[in-house]
Amino acid sequence: MIKHNIIILVLLALVSCNTDVGNFQIGEDLVEAKTSVVMIDSFSIKLSTVISDSISTSSTDYALIGKYDNEIVGSVEAMHYLNFELDGNQDLITEDDIFDSITVSMQYSDYYIGDTTKIQEFSMYRLTEILESDKNTESDYLYNINYFEHESSPIGTHRFYFYPQVSKDSIEFRIDDSLGLDIIDLVNNDATEVSSSEKFLDYLKGFAIKSTSNENLVIGFDTDTSAIHLNIYTHRIGYTAVNKKFGFPISLESANFNGITANRSETDFATLETQSEELPASETNNISYLQGSVGVMTRIDFPTINSIYTYDDKILVKAELVLRPSTINEKDLMPETLNFYTTGRKNKFGDNLVTTSSDGTETTIYANLILDEMYPENSYYRVDITEFMLSELSGNYYDTNNGLLVTLPVTDLQNTIDLLILNGSGVSNLKSKMNLYFLKYE
């Protein structure tokens, strides 16, 4: 389909370079001629679902805990690995302090997904190996697929109802007294284990907290040092009883992260096993998928773009992607932007898609959600990929092994298990597409 608009004054400013690509012109210097703007949206794009080998989930904003089942993308189980460090208040513990209890307190974030009507059960386990990043690699990160062994029996279990309407509430539950007694004994004996945070982290090794209730809910907890604590309660006997609390904050220097396990055996893309594979939307009911924390993303290819070289009377001035969500959720459940990365045949992450200003400054670009409040089904994501497309076309040939990876925003990709489904180009109505704008001259 070809649409014509005469918006010459605006687009003339876009035409500045002098590059000849075979018979096809990209920004060639203009001569005095009759010109018009042509928009072509018949160039096909191919959407596919891709599974990332791993997603970094260390030092994330949310500690994700729970299980979530979705008939479209399968089940996800999230557990959080963490450790606690010294902050100096342990020096206030004396032999006069009589141990009462040891607890863990966790403050809710504003994130959750699933059924909040069922009672939840969390269990905390002590690790049998030290929680740390892999020292044999150059990366200081841990990923959703990493796993650390823990003791078979929990050191604490907590049953509770989650009330999302209670803003910034928290939970606190008791764990095995023996750990608290050991810490007090170490402090009173000036033991090496409490001489530094590094020694203390090695002594504790770390902990894993996961859901043991099998209910369909994942809850996010804040992970800053004021939100998660290991607490020791004591009292002193004198003229009056004195109750005291000693808190050990979550370690941000240690390798706290979300371990995420996904079961996709009953999904349309169950056959995907490695990142080098992709499943075209044409084989999944003309839709593709994106999901946070488990690395589900969409690849976009431009299989017919080389036919652009058949044009000998048009100058490409703009390339725009329009991505249509397959299902429209509430506004708060739809990401406001999407991220883009260049990629090749193996679907590895390349560079962020960027635009370059006249002074050479590069700025990452995103697809922005255009929300139709009155008719939500007409909502879409739009992104200008002109610079990417002109760069790919500048060599007189577009390598169709190259494409773009689309993901949720980085914060959602690492901190949530939210889902977004996109219509493929094979959908008869409201399909995802690429619009190419040309300046046509005679």
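To convert, count from 1 in the sequence shown and add 649; that's the working numbering.
Glycine is no exception: its CB is placed at the ideal position from the N, C-alpha and C atoms.
Please name the residue, chosen from the options, that lies closest to residue i on a Cα-to-Cα basis.
i	options	result
S846	S697, L1069 and E902	E902
Y810	V945, N793, L866 and A840	L866
K704	N935, E1041, E726 and V943	Lys is not the amino acid found at residue 704; the sequence shown has Ile there. Minimum Cα distance to I704 is reached at V943.
N1050	D961, T861 and P952	P952
F1037	D745, N1001 and N1017	N1001
G908	Y711, D839 and A1016	Y711
F849	E1011, Q739 and T1060	Q739
G1075	I936, T976, D1061 and P974	I936
T1056	V891, L939 and T709	L939
A1016	S1006, I1034, D1008 and E720	I1034
L1039	S693, T874, L1020 and I957	I957
V722	T933, S1081, G999 and S1043	T933
Whole angstroms is fine: what's the gap from residue i's alpha carbon to residue j's?
i	j	result
Q756	I714	13 Å
L987	F797	32 Å
G1073	Y1029	13 Å
Y1090	K967	16 Å
E800	G855	11 Å
S1047	M688	Strictly speaking, residue 1047 in this sequence is Tyr, with Ser absent from that position. The alpha-carbon atoms of Y1047 and M688 are separated by roughly 20 Å.
L741	R823	22 Å
T916	N795	23 Å
V670	I1014	In this prediction, V670 scores a pLDDT of 40, lower than 50, which makes its location untrustworthy; the coordinate-derived value is nonetheless stated afterwards. Cα to Cα, V670 sits roughly 26 Å from I1014.
I886	K893	11 Å
N760	P813	What sits at residue 760 in the sequence shown is Tyr, not Asn. Y760 and P813: Cα-Cα distance of roughly 9 Å.
T841	N1064	36 Å
F733	S931	49 Å
L965	L696	23 Å
L735	I833	13 Å
V1059	Q924	18 Å
V891	L830	18 Å
P974	Y1024	13 Å
S900	T874	7 Å
Can you give me the Cβ contacts of residue i inside the same chain, cut-off strictly under 6 Å, excluding the 5 residues immediately before and after it?
i	result
V699	E927, M946, R948 and N996
D871	Q756 and S758
K767	E864
Y882	D749, S750 and K894
A876	Q756
L1054	M946, R948, Y990 and T992
D826	none
S772	P803, T806 and T861
A857	M728, Y730, Y774 and H799
T1004	T1012, I1014 and E1036
E1041	Y1047
G1052	R948, I949, D950 and T992
If residue i and residue j are in contact, beta carbons under 8 Å, what's the gap, nearest whole angstrom?
i	j	result
N629	S707	Residue 629 lies beyond the stretch modelled for the chain, which goes from 650 to 1091, so this question has no answer here.
T861	E770	5 Å
V603	Y1086	As shown, the chain starts at 650 and ends at 1091. That puts residue 603 outside it, with no answer to give.
E969	N1084	5 Å
L1071	L972	5 Å
P929	L1069	Actually they do not touch by this definition, with Cβ atoms about 18 Å apart.
D1061	G941	5 Å
T684	L1088	6 Å
D851	I779	6 Å
K1082	D690	5 Å
Give me, in chain order, the residues of the same chain whose beta-carbon lies closer than 8 Å to that of residue i; leave out the 5 immediate sequence neighbours on both sides.
i	result
S782	S707, S788, D789, Y790, L791 and A904
S724	K716, Y717, D718, A911 and N912
K744	A small correction: the amino acid at residue 744 is Glu; Lys does not occupy that position in the sequence shown. Correct list, in chain order: N837.
D818	Q756, Y757 and Y812
For residue i, which residues of its own chain have a beta-carbon under 7 Å away from its beta-carbon, when the five flanking residues on both sides are left out?
i	result
D764	E864, N865 and L866
D981	Legend: pLDDT at D981 = 49, less than 50; position of this residue unreliable, no value from coordinates given.
L853	N732 and F733
Have a look at the DSSP bridge pairing and note the partners of residue i.
i	result
K716	N865 and L866
P929	S697
A857	Y730 and Y774
E821	S754
E1036	DSSP lists no partner for E1036.
Q940	V945 and L1068
D950	K695
V725	Y717 and A911
G896	N880
S809	As written in the sequence, residue 809 is Phe, which differs from the Ser given in the question. Answer by DSSP bridge pairing, in chain order: Q769.
N837	DSSP, once it has assigned bridges, lists no residue as partnering N837.
F748	T883
G1052	T992
Does the distance between the C-beta of residue i and the nearest non-hydrogen atom of the ligand MG fall short of 8 Å?
i	result
S685	The ligand MG is absent from the structure shown, which contains no ligands of any kind.
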